[in-house]
Amino acid sequence: MKRTQLKSVVVGVGILLAACGGETVEPPDNGGGTPPPPPPPPSGACAAPVDIALQPGSHVVVNPTDGGGCVRFPAPGNQGAEYLYAALATNGTESQLGVSVSYKLSGASVLTASEAATSAAALPPTLDPSLGAFKQPRSAEAFHQRLRASERALSEAPGALLFNRSPTSANLVAIPPTVGHQRTFKVCETTDCNGFVDVAATAKYVGPKGAIYLDNSVPAGGYTQADLDAVGFLFDNYLYPIDTTAFGRESDLDNNGVVVVLLTDQVNALSGNCNAEGSVILGYFFGTDLLTGQQGSNGGEVFYGLVPDPNNSTCTISRDYARGYLAPTFIHEFQHMISF
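Numbering-wise, this note's numbering puts 286 at position 286 of the sequence shown, and it's gapless, one number per residue.
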């Protein structure tokens, strides 16, 4: 999902278009058997793109053979516009590993030189694509890899399978928390997660699938109740069904019937000087929470997310930035929980 204030945007869509410089990308291995057919040639200069005109909330399905695989969005106006592009495959190469098809998405902005200069000059540093979290994550990616490596070791420890209880397997009535409930969580103190700090938090949203707790000592300029209600509703009604349909059900070790999310500036602290590093840890799940015998375990289904901290001079996180990444963080970290 990308916000744009350009005059118009032309997007080339196709099945494995040519890479830059005219070098064709080889199709991936499909797990054995007959190799997939070669991709069609690139469509060229997008001479006749399909014009897309959508009302908020509506959608359209575009065949990549129409318009030479190109679509064009109209000028977004003063308020900007957001579009969600999804590649859908109704055909592909079948194998024992499933069905796969390759594609490449590329885009080019269409605007005058004066408009480009104005847009670049007006872009605030926090949204400059050449800065901050828009760069390839470095320390954040290293943190992610360390967590997954630690989980692999934890999963091999004696008793590691004791957590594997599905929400429907126990003959117990789940008792979810209520809004206003307070509890203390163990949160990773460093990116090595070999030490933990206590974080006192209060439940701000409780729905049928998720409960959102907010650190009691978050910085000023943080989430509003409307922000938390909105992402909670999204998780309950959309993100949870997407993840559980694709990856399976989560456990319910703590028998509360919900997945708990803790939003805390202790997650922000894991990024250190993110303004200089250009890398931000948006959130995480750590498998030790599902292993009650481990140090730092919260004994239940919990994942974590950052909070706005607009006045922090070394790791400045605006409310708009943090709020914009809430839903992607929720669906991503929940998937890690299910997979573990």
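Glycine residues also receive a C-beta, built at the ideal position from the N, C-alpha and C atoms.
Own chain residues within Cβ distance below 7 angstroms of residue i, not counting five before or after
| i | result |
| --- | --- |
| A122 | Reliability fails at A122, whose pLDDT of 40 lies under 50, so the model's placement of it is uncertain and no value is given. |
| V60 | I52, L54 |
| D229 | Y205 |
| D236 | G207, P208, K209, G210 |
| L147 | C193, Y284, F286 |
| P177 | A203, V206, A211, N256 |
| D227 | R323 |
| V231 | L326, A327, F330 |
| A246 | none |
| L154 | A160, G287, T288, L291, Q294 |
Simplified DSSP state of residue i, which is helix, strand or coil
| i | result |
| --- | --- |
| R72 | strand |
| A215 | Before going on, a small fix: residue 215 reads as Asp here, not Ala. It is a strand residue. |
| V25 | In this predicted model, V25 has a pLDDT of only 32, less than 50, meaning its place in the structure is not dependable enough to derive any value. |
| R249 | coil |
| S150 | helix |
| Q363 | Shown here, the chain extends from 1 to 340; a query on residue 363 therefore has no answer. |
| L105 | strand |
| V341 | Within the shown structure, residues of the chain are numbered from 1 to 340, placing residue 341 beyond reach of any answer. |
| E333 | helix |
| G210 | strand |
| I175 | coil |
| D192 | coil |
| T316 | coil |
| I338 | helix |
| A48 | coil |
| A140 | helix |
| Q225 | helix |
| Y85 | coil |
| A220 | coil |
| A203 | strand |
| T184 | strand |
Same chain, Cβ closer than 6 angstroms to residue i, neighbours up to 5 away in sequence not counted
| i | result |
| --- | --- |
| L263 | L214, G305, V307 |
| H181 | A203 |
| V62 | V50, V71 |
| Y325 | L282 |
| A186 | It is worth fixing the name first, because residue 186 is Lys in this sequence and not Ala. Contacts found: F196, G296, N298. |
| L270 | T191, I281 |
Buried versus exposed call for residue i [16 or more other C-beta atoms within 10 Å across all chains shown]
| i | result |
| --- | --- |
| I212 | buried |
| A201 | buried |
| N298 | buried |
| I376 | Any answer about residue 376 is impossible in this case: the structure gives the chain only from 1 up to 340. |
| R249 | exposed |
| T184 | exposed |
| E151 | buried |
| A322 | buried |
| S217 | exposed |
| G67 | buried |
| P56 | exposed |
| L253 | buried |
| D198 | exposed |
| V173 | exposed |
| A140 | buried |
Proximity to residue i [Cα-Cα], best of the options
| i | options | result |
| --- | --- | --- |
| D243 | A86, A226, K209, D265 | K209 |
| C70 | L84, Y83, Q79, A48 | A48 |
| P74 | F286, V50, D227 | V50 |
| F233 | F330, L105, S58, Y85 | F330 |
| Q225 | Y240, A246, S217, A203 | A203 |
| D309 | D236, D265, H144, A153 | D265 |
| S279 | A142, E151, N237 | A142 |
| L84 | M337, P328, E333 | P328 |
| S339 | I317, L290, D320 | L290 |
| S106 | G80, D192, A81, R72 | R72 |
| M337 | F286, G293, R323, T316 | F286 |
| T190 | P177, Q79, N268, A86 | N268 |
| V179 | V260, E82, G293 | V260 |
| H332 | L172, V258, G324, L239 | L239 |
| F303 | T316, A81, T65, V258 | V258 |
| S58 | T65, P64, E82, N78 | E82 |
| N348 | T292, S139, G300 | For the chain, the structure presents residues 1 to 340; residue 348 sits outside this window and is missing. |
| P241 | E156, F334, S155 | F334 |
| I317 | A246, L154, V187, Y223 | Y223 |
| L88 | A153, R319, P64, P76 | P64 |
Own chain residues within Cβ distance below 8 angstroms of residue i, not counting five before or after
| i | result |
| --- | --- |
| N311 | P219, A220, G221 |
| T314 | G272, N273, C274, N275, A276 |
| Q295 | F196, T288 |
(Q) What ranges does the beta strand (DSSP E) occupy inside the region 250 to 314, keeping only unbroken runs of at least 3 residues that lie completely in it? (A) 259 to 263, 302 to 305
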